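Student:
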Amino acid sequence: MSSLFLMITITDRRSTDGFLQLYKSHGVTVSMRTVGSGTAVQETLSTLGLEKTEKAVLLAVVTAESWQKIQKDLRREMQIDVPGTGIAFIVPLSSIGGKRALMFLTEHQPLTWKEESTLKDTRYELLLVVANQGYTGSIMDAARTAGAGGGTVIHAKGTGMEGAAAFLGVELVNEKELVLIVSRTSQKNTIMKAIMEGANPKAGAIVFSLPVTDTAGLRLMEEDEAQPEAAL
8 MSSLFLMITI
18 TDRRSTDGFL
28 QLYKSHGVTV
38 SMRTVGSGTA
48 VQETLSTLGL
58 EKTEKAVLLA
68 VVTAESWQKI
78 QKDLRREMQI
88 DVPGTGIAFI
98 VPLSSIGGKR
108 ALMFLTEHQP
118 LTWKEESTLK
128 DTRYELLLVV
138 ANQGYTGSIM
148 DAARTAGAGG
158 GTVIHAKGTG
168 MEGAAAFLGV
178 ELVNEKELVL
188 IVSRTSQKNT
198 IMKAIMEGAN
208 PKAGAIVFSL
218 PVTDTAGLRL
228 MEEDEAQPEA
238 AL
């Protein structure tokens with residue numbers, strides 16, 4: 008799944024529509040939109056080319072081919088290299104839950120499969136579940152049946168969701184919830200399957216995963232993982 012990425016854009020809220028229009032011109036019509044404010048010190052903000060104002064955070068799934076073209080236009084049309092404009096970066100996806108979700112997320116984008124990345128060997132995965140607002144309980148109940156622990160919920164606005172019914176069999180509304188769940192890599196597929204099959208269908212849940220290359224604060228999970236070895 009190394010040819011798919013989560014593209015994260017952080018910019019001033021006033022520039023949001025311009026970025027969305029640019030992404031749509033490249034066939035990227037499915038994205039999550041939320042707001043945030045930076046907690047970094049001024050020196051860090053200056054290094055990133057950001058000012059200390061309210062920010063828009065945009066999340067979208069892109070193919071490798073799309074990113075190459077978008078990256079050029081971000082510099083040429085959005086002038087993203089100019090301080091204060093914003094930043095954009097991509098994180099490799101290790102899997103997406105189901106063929107229909109994959110088709111929906113990449114409907115207007117070219118997709119060329121590549122060999123699996125070595126990131127697949129990571130010990131942990133970050134599962135991201137995009138769902139209609141109000142169904143977090145159903146999603147977490149399904150995830151826990153497969154051994155998941157807790158999750159973190161982010162409220163956001165969805166864009167480009169009009170064609171979801173044709174692929175997912177359910178309408179996706181603008182008010183969205185993004186559920187983040189950290190799991191062991193060995194449990195990832197089971198948890199994703201449990202969410203896809205066990206969550207309320209009205210949630211319209213789309214689930215995908217990101218490789219976690221390093222962690223902090225997961226000591227209890229690591230100790231629990233080491234117990235069978237200690238008993239030998």
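Mind the numbering: the sequence shown is residues 8 to 239 in the numbering used here, read in order. Built from N, CA and C at the ideal position, the CB exists for glycine as well. Since the model is a prediction, treat every value here as computed from it, not as a measurement.
1) Which word fits T18, buried or exposed, when buried means at least 16 other C-beta atoms lie within 10 angstroms of its C-beta?
2) Measure from the C-beta of I97 to each C-beta in chain C and report whether the shortest distance is under 8 Å.
3) Which same chain residues, not among the five before or five after F12, have their C-beta less than 8 Å away from its C-beta?
4) Please name the residue in K195, I94, G25 whose C-alpha comes closest to that of A153.
5) What are the residues that DSSP puts in a beta bridge with Y131?
6) Take I202 as the anchor and find which of S10, I103, V64 has the nearest alpha-carbon.
7) Between which two residues does the beta strand (DSSP E) harbouring A95 extend?
8) Could you tell me whether any non-hydrogen atom of the ligand GTP is closer than 7 Å to the CB of T152?
9) Under a three-way DSSP split, which group does I77 fall into?
10) R130: which of A95, A212, L217, T143 sits nearest, CA to CA?
11) Nearest-angstrom Cα distance between L109 and T36?
12) Have a look at S10, R82, G91, R83 and flag the residue whose alpha-carbon is nearest the alpha-carbon of R21.
13) Go to I252, then tell me how far its alpha helix (DSSP H) extends in each direction, as first and last residue.
14) Give the straight-line distance between the Cα atoms of I94 and P208, rounded to the nearest whole angstrom.
15) Ends of the alpha helix (DSSP H) at L27?
16) Enumerate in chain order the residues of its own chain whose CB-to-CB distance from D80 is below 7 Å, with the five nearest sequence positions on each side excluded.
17) Taking the C-alpha atoms as reference points, what is the distance between L185 and L135?
18) In terms of residue numbering, what span does the alpha helix (DSSP H) encompassing M110 cover?
19) Identify the continuous beta strand (DSSP E) that holds T16 and give its terminal residues.
20) Around the C-beta of T23, are 16 or more other C-beta atoms found within 10 angstroms, so that it is buried, or is it exposed?
Tutor: So, from the listed chains and residues:
1) Buried, because 16 or more other Cβ atoms sit within 10 Å of the Cβ of T18.
2) This model lacks chain C altogether; it includes just one protein chain.
3) Scanning its chain for C-beta atoms nearer than 8 Å, with the 5 sequence neighbours on each side dropped, one finds around F12 the residues V68, V69, T70, A71, W74, I97, V98, P99, L100, in chain order.
4) Of the candidates K195, I94, G25, the residue whose Cα lies closest to the Cα of A153 is K195.
5) In DSSP, Y131 forms a bridge with R191, V219.
6) Out of S10, I103, V64, I103 has the C-alpha closest to the C-alpha of I202.
7) Residues 93-99.
8) In the structure on display, the ligand GTP does not appear, and there are no ligands present to speak of.
9) Reduced to three states, the DSSP call for I77 is helix.
10) For R130, the nearest C-alpha among the options comes from L217.
11) Distance between the alpha carbons of L109 and T36 is about 13 Å.
12) Minimum Cα distance to R21 is reached at G91.
13) The chain is shown from 8 up to 239; residue 252 falls before or after that span and cannot be answered.
14) Taking C-alpha positions only, I94 is separated from P208 by approximately 35 Å.
15) Start and end: 23-32.
16) Closer than 7 Å at Cβ, skipping near neighbours: L29.
17) Computed Cα separation, rounded: 7 Å.
18) Looking at the DSSP string, the run of the alpha helix (DSSP H) that includes M110 is 106-112.
19) Counting along the chain, the beta strand (DSSP E) containing T16 begins and ends at 11-19.
20) Looking at its Cβ environment, which holds 16 or more other Cβ atoms inside 10 Å, T23 is buried.
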